Amino acid sequence: MPPLAASYRAALSTAAKDALLRRRRPQSLPGRTVVVHDHVIPRDLVASYAGLFRGTGPLEPADLPSVLVHIAGFPAAMDLMAQPDFPLPLPGMVHLENRVRHHRPVPAGVPLQVAASAVDLAPHPAGTTVEMVVTVHGPDGGRPGAGPVLLWEGTSTYLGRGVRIDGQPRPDRPAREEFQVPDLTARWHLPSSTGRHYATVSGDYNPIHLNPLAARALGQKGMIAHGMYLAGRMLAGREPAGAGHAWSISFATPVPLPGSVSLNVTHPGPGVTEVTAWDGRGRRPHFTGRIERDAAGYRDS
Amino acid sequence: MTENPQPQTPGAAAVAGGALRQAVVIGGNRTPFARSHGAYASAGNKDLLTAALNGLVARFGLQGERIGEVAAGAVLKHSRDFNLTRESVLGTVLDPSTPAREVQIACATGMEAIGGLANKIRLGQLDSAIGGGVDSISDAPIVFNDARSVLMDLNRARTTRDRIRAALRFRPGHLAPEAPGTEEPRTGLSMGEHQARTTHRWGITRQAQDELALASHHNMAAAYERGFFDDLLTPFGTLTRDNNLRADTTLEKLATLKPAFGRDLGEEATMTAGNSTPLTDGASAVLLGSEAWAAERGLPMLADFVDFETAAVDFVDGDEGLLMAPAYAVARLLQRQGLALQDFDYYEIHEAFAGTVLATLKAWEDESFCRERLGLHAPLGPIDRSRLNVNGSSLAAGHPFAATGGRITASLAKMLHEKGPGSLGLISVCAAGGQGIVAILRGR
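Protein chains in written order, with our numbering: chain A, -16 to 284; chain B, 25 to 468.
In structure tokens, the structure reads:
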């Protein structure tokens, strides 16, 4: 698996070179797919991930949580995004959304095949979005010749702010709906160490999650929580054993650290959980999420 | 072939083929309850429980007696107090061969301790028992979890290098204490914040909650005045009465208090420090026995412990209110005993918050709640409010979590005994984790 730190270094040096040489970034996606064969999710990672969400019970190394699988596959996507042929610059990229179908249990300690590709470069009122698709295939499950089985597929949507692709009209900003504060059912208290703790587990040392000064230098108002930490916490204790589920999370505004997040969790139908998170004062939503225990009926919204 | 008849010794225990027998409440004793970090700030759980037990022993002349079993517990407990009840028993004048065990089901600890012992008496496994509980917020264990993990690694280190490596991991931030709170681990909301949602959902008004709080204080003050608690309580430290009791409180005073929970509900926030229980220190103990055991010693028999039921609800994602489990438990208990909610002479509904009591009562009157949630054909219906918490409850006395069950059981048994044989009393105690225990007592 390509190391994340190398990707960050490459992305920063590309951004610096672009600025220096006034290079225009490419206007289309690289057609490549980054494939990592025989990637083994280390068992150590399972234990350290469990430490992130204490109190929701032990983890089963043969059936990993969805966000842990994301962490394991993320470097493959980063490798693609950090290269000079990627149309959006990595520094300052905004994480908008994740959609995951977790078809079958993903085990630790077993060779897996991870593939990452970039699709759907699209105009956005604030720039240009891209979807990074990561798939995880596992061994054939004891059926020789059946080939690798799709265990997990995740699509992450990122926004390159201010980036325009030639010939693409800028869509109008949709009218902002007044946020109606739903009933409170839970509150997360996030200490300032939240970002650093997630970084030590995920290996994703993005400075906006680690240090308030670094975060300000990179255009944030202060340190913010990692989106996948929020997704992991939303899912903790809510994923079915044996997988077969699907979930999504859509980020509206960053969660400042330290801070607290107010949540409304509801079950609008059997096996369906919907989550809305907002800041305590009820002025703005942070994210919305949806978990469907039976992915067969999953709506790709 | 003929079946061998079960050999039956006369008076055999139910577990040995005999008949079930009654478990009777003989009496109780408790310390006065004290608002935390006040009168009992320097007393620990063991001091309080030992005091409650010693008072009970003195009241019923049990010095040197071997009791069948003592069961008690504390919700907030030091790890060194793993044998809190046994240690407390050893500190009393009871025969040291009296066995003791720990019980814990949050605020319903006392009820579980007493109910479990009553069952053993009914089965003939015990002739006598003491059930109770204690809690001291002032003596709550403070945990330094991060420092703890470093210290554990240090302890496990075998070489000097390992020891240095472990010690170097230590950071000043590791000394940030984690105090045990009333926060639900899965939601991050305190019990009061949870109840604020339930109170709001059931449309319980500020006025109704303040009236219930006022009645609790006035009822308890009146009970003290007429000496009701004289044989239920032994002074401890500087206290002879619960120091949370405000005999002179008025609706006007209660109305001036600002909301303490559910402040995010804005104008619709109704729960104040006045209509919620404060954190409290205290202990209670109840003496139970078989009829024969009590009769042999010439001890009073106040009431039979008839039955009890535990329930839990799924509160994590807000499908049900955190403290609504007793509403479910009562429905099941009534069904099992073939009783109606209106069959009781007294109702003791633990006042965790005024909103808890009022939401529970409203739920029992609610057609769709009773049909859809409790699976009943008709609502359980209203109760005669003049029979509710007639000698005050937790809003006045305070609520040392595990001690509340013992306080209620002893008081209700006495009330039923005064009312007369066959009178019925219902107890309802909600607990953290979406649980609750309810019980039925019958006067003798």
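Ideal Cβ placement from N, Cα and C applies to all residues, glycine included. Everything numeric in this text was worked out from a predicted model, so none of it was measured.
Quiz item: For the stretch 219 to 246 of chain B, which residues have a CB atom closer than 9 Å to at least one CB atom of chain A, in sequence order?
Solution: Ala220, Arg221, His224 and Arg225
Quiz prompt | Outcome for Asp283 (chain A) when other beta-carbon atoms lying within 10 angstroms are tallied against a minimum of 16 | solution = Residue numbering aside, residue 283 (chain A) sits at position 300 when the first sequence is read from its first letter. For Asp283 (chain A), the predicted model reports a pLDDT of 46, less than 50, meaning its position is unreliable; a value from the coordinates is still stated below. Classification for Asp283 (chain A): exposed.
Quiz item: Using the beta-carbon of each residue, which ones in chain B are nearer than 8 Å to Thr256 (chain A)?
Solution: In the first sequence, residue 256 (chain A) corresponds to position 273, counting from 1. Correct list: Asp341.
Practice problem: For Trp171 (chain A), name the three-state secondary structure that DSSP assigns. | Solution: Locating residue 171 (chain A) in the first sequence gives position 188, where the first residue counts as 1. Trp171 (chain A) falls in the strand class under three-state DSSP.
Self-check item: Residues of its chain near Ala306 (chain B), where Cβ-Cβ distance is below 6 Å and the 5 sequence neighbours each way are ignored
Solution: Counted from its first residue, the second sequence places residue 306 (chain B) at position 282. For clarity, residue 306 (chain B) is Gly in the given sequence; the question names Ala instead. The residues are Thr55, Phe57, Pro424 and Ala427.
Exercise. Buried or exposed for Phe234 (chain A), please, with buried defined as at least 16 other CB atoms from any protein chain shown within 10 angstroms of its CB.
Key: In the first sequence, residue 234 (chain A) corresponds to position 251, counting from 1. Classification for Phe234 (chain A): buried.
Practice problem: Using a Cβ cut-off of 8 Å (strictly closer), state whether Arg304 (chain A) contacts chain B. | Solution: Absent from the structure is residue 304 (chain A), since the part of chain A shown begins at -16 and ends at 284.
Quiz item: To the nearest angstrom, how far is it from the Cα of Thr(-3) (chain A) to the Cα of Val146 (chain A)?
Solution: As a position in the first sequence, residue -3 (chain A) is number 14, starting the count at 1. As a position in the first sequence, residue 146 (chain A) is number 163, starting the count at 1. Roughly 16 Å separates the two Cα atoms.
Quiz prompt | Inter-residue Cα distance where the pair is Ser452 (chain B) and Glu372 (chain B) | solution = Translated into positions along the second sequence, residue 452 (chain B) becomes position 428. Translated into positions along the second sequence, residue 372 (chain B) becomes position 348. Cα-Cα distance, rounded: 6 Å.
Exercise. Report yes or no: do the stretch 438 to 458 of chain B and the stretch 335 to 351 of chain B share at least 3 C-beta pairs separated by less than 8 Å?
Key: yes
Exercise. For Ala420 (chain B), I'd like the list of residues in its chain whose CB is within less than 6 Å of its CB, leaving aside the five on either flank, ordered along the chain.
Key: Locating residue 420 (chain B) in the second sequence gives position 396, counting from the first residue. Only Ser240, His241, Met244 and Leu269 meet the Cβ criterion.
Quiz item: With a CB to CB cut of under 7 Å and the five nearest residues on each side skipped, what residues in its chain are close to Pro248 (chain A)?
Solution: Along the first sequence, one-based indexing puts residue 248 (chain A) at 265. Position check: residue 248 (chain A) holds Val in this sequence, whereas Pro was assumed. Result list for Val248 (chain A): Thr168, Ala169, Thr256 and Val258, in chain order.
Quiz item: Cα separation between Leu44 (chain B) and Asn143 (chain B)?
Solution: Taking the first residue of the second sequence as 1, we reach residue 44 (chain B) at position 20. Taking the first residue of the second sequence as 1, we reach residue 143 (chain B) at position 119. Near 9 Å, if we compare the C-alpha coordinates of Asn143 (chain B) and Leu44 (chain B).
Quiz item: CA-CA distance, Phe57 (chain A) and Arg6 (chain A)?
Solution: Working through the first sequence from its first residue, we reach residue 57 (chain A) at position 74. Working through the first sequence from its first residue, we reach residue 6 (chain A) at position 23. When rounded, the distance between both Cα atoms is 27 Å.
Exercise. Determine the DSSP secondary structure at Val48 (chain B), reduced to helix, strand or coil.
Key: Taking the first residue of the second sequence as 1, we reach residue 48 (chain B) at position 24. Correct three-state label for Val48 (chain B): strand.
Quiz item: In or out: Gln459 (chain B) buried (at least 16 other Cβ within 10 Å) or exposed?
Solution: Counting from 1 along the second sequence, the entry for residue 459 (chain B) is found at position 435. When all chains shown are included, Gln459 (chain B) counts as buried.
Practice problem: Verify the CB distance criterion: does Gly212 (chain B) have a CB-CB separation below 8 Å to chain A? | Solution: As a position in the second sequence, residue 212 (chain B) is number 188, starting the count at 1. Chain A contact via Cβ: present.
Quiz item: What three-state label does DSSP hand Asn143 (chain B) in the structure shown?
Solution: Locating residue 143 (chain B) in the second sequence gives position 119, where the first residue counts as 1. Looking at Asn143 (chain B) - three-state DSSP - the assignment turns out to be helix.
Practice problem: Could you give the DSSP three-state label for Met25 (chain B): helix, strand or coil? | Solution: As a working mapping, residue 25 (chain B) is identified with position 1 in the second sequence. Low local confidence applies: a pLDDT of 48 at Met25 (chain B) is under 50, so the model's placement there is unreliable, and no value is given.
Quiz prompt | Euclidean distance between Cα positions of Glu439 (chain B) and Ser392 (chain B) | solution = Translated into positions along the second sequence, residue 439 (chain B) becomes position 415. Translated into positions along the second sequence, residue 392 (chain B) becomes position 368. In the sequence as presented, Glu is not what sits at residue 439 (chain B); that position holds Met. If I take the Cα positions, the gap works out to 34 Å.
Self-check item: Contacts of Val248 (chain A) in chain B (Cβ-Cβ under 7 Å)
Solution: Your numbering for residue 248 (chain A) matches position 265 in the first sequence. Those within 7 Å of Val248 (chain A) in chain B are Asp341 and Gly342.
Quiz item: Run through DSSP, which three-state label would Arg(-8) (chain A) get?
Solution: Looking up residue -8 (chain A) in the first sequence gives position 9. Here Arg(-8) (chain A) sits in helix by DSSP.
Quiz item: CA-CA distance, Pro70 (chain A) and Pro223 (chain A)?
Solution: Start at 1 with the first residue of the first sequence, and residue 70 (chain A) comes out as number 87. Start at 1 with the first residue of the first sequence, and residue 223 (chain A) comes out as number 240. Those two C-alpha atoms are separated by around 38 Å.
Quiz item: Does any residue of chain B bring its CB to less than 8 Å from the CB of Asp305 (chain A)?
Solution: The structure shown has nothing for residue 305 (chain A), since chain A only spans -16 to 284.
Exercise. From the DSSP output, in three-state form, read off Tyr248 (chain B) for me.
Key: Here the question's residue 248 (chain B) lines up with position 224 in the second sequence. Three-state DSSP puts Tyr248 (chain B) in a helix.
Quiz item: Which residues, in chain order, does the stretch 261 to 295 of chain B contribute to contact with chain A at a C-beta distance below 7 Å?
Solution: Asp288
Quiz item: Any idea if Met61 (chain A) is buried or exposed, counting beta-carbon neighbours within 10 angstroms, 16 or more meaning buried?
Solution: In the first sequence, counting from the first residue as 1, residue 61 (chain A) sits at position 78. Counting Cβ neighbours within 10 Å, Met61 (chain A) comes out buried, since at least 16 surround it.
Quiz item: Just checking, does the stretch 122 to 133 of chain B make contact with the stretch 63 to 71 of chain B on the three C-beta pairs under 8 Å criterion?
Solution: no
Self-check item: N- and C-terminal bounds of the beta strand (DSSP E) containing Met115 (chain A)
Solution: Along the first sequence, one-based indexing puts residue 115 (chain A) at 132. Element bounds for Met115 (chain A): Gly110 to Gly121.
Exercise. Answer with buried or exposed for Glu160 (chain A), where buried requires no fewer than 16 other C-beta atoms within 10 angstroms of its C-beta.
Key: One-based indexing of the first sequence puts residue 160 (chain A) at position 177. That one is exposed.
Exercise. Please confirm if Pro165 (chain B) has its CB atom under 8 Å from at least one CB of chain A.
Key: The residue you call residue 165 (chain B) lines up with position 141 of the second sequence. Not closer than 8 Å to any Cβ of chain A, the Cβ of Pro165 (chain B) fails to qualify, so no.
Quiz item: Comparing the C-beta of Gly178 (chain A) with each C-beta of chain B, is any distance below 8 Å?
Solution: Against the first sequence, residue 178 (chain A) aligns to sequence position 195. Not an interface residue.
Practice problem: Starting from Ser185 (chain A), follow the beta strand (DSSP E) in both directions and report where the run begins and ends. | Solution: The residue given as residue 185 (chain A) occupies position 202 in the first sequence. Where Ser185 (chain A) is concerned, there is no enclosing beta strand (DSSP E), although the alpha helix (DSSP H) it sits in stretches over Thr177 to Ser185.
Practice problem: Determine which residues share a DSSP beta bridge with Met295 (chain B) and list them. | Solution: Taking the second sequence and counting its residues from 1, the one referred to as residue 295 (chain B) is at position 271. Per DSSP, B:Phe285.
Quiz item: Hey, is Pro196 (chain B)'s beta-carbon within less than 8 Å of any beta-carbon in chain A?
Solution: Residue mapping note: residue 196 (chain B) aligns to position 172 of the second sequence, counting from 1. Not closer than 8 Å to any Cβ of chain A, the Cβ of Pro196 (chain B) fails to qualify, so no.
Practice problem: Using a Cβ-Cβ cut-off of 8 Å, state whether Gly38 (chain A) counts as contacting chain B. | Solution: Working through the first sequence from its first residue, we reach residue 38 (chain A) at position 55. Chain B, which has a Cβ nearer than 8 Å to the Cβ of Gly38 (chain A), makes this yes.
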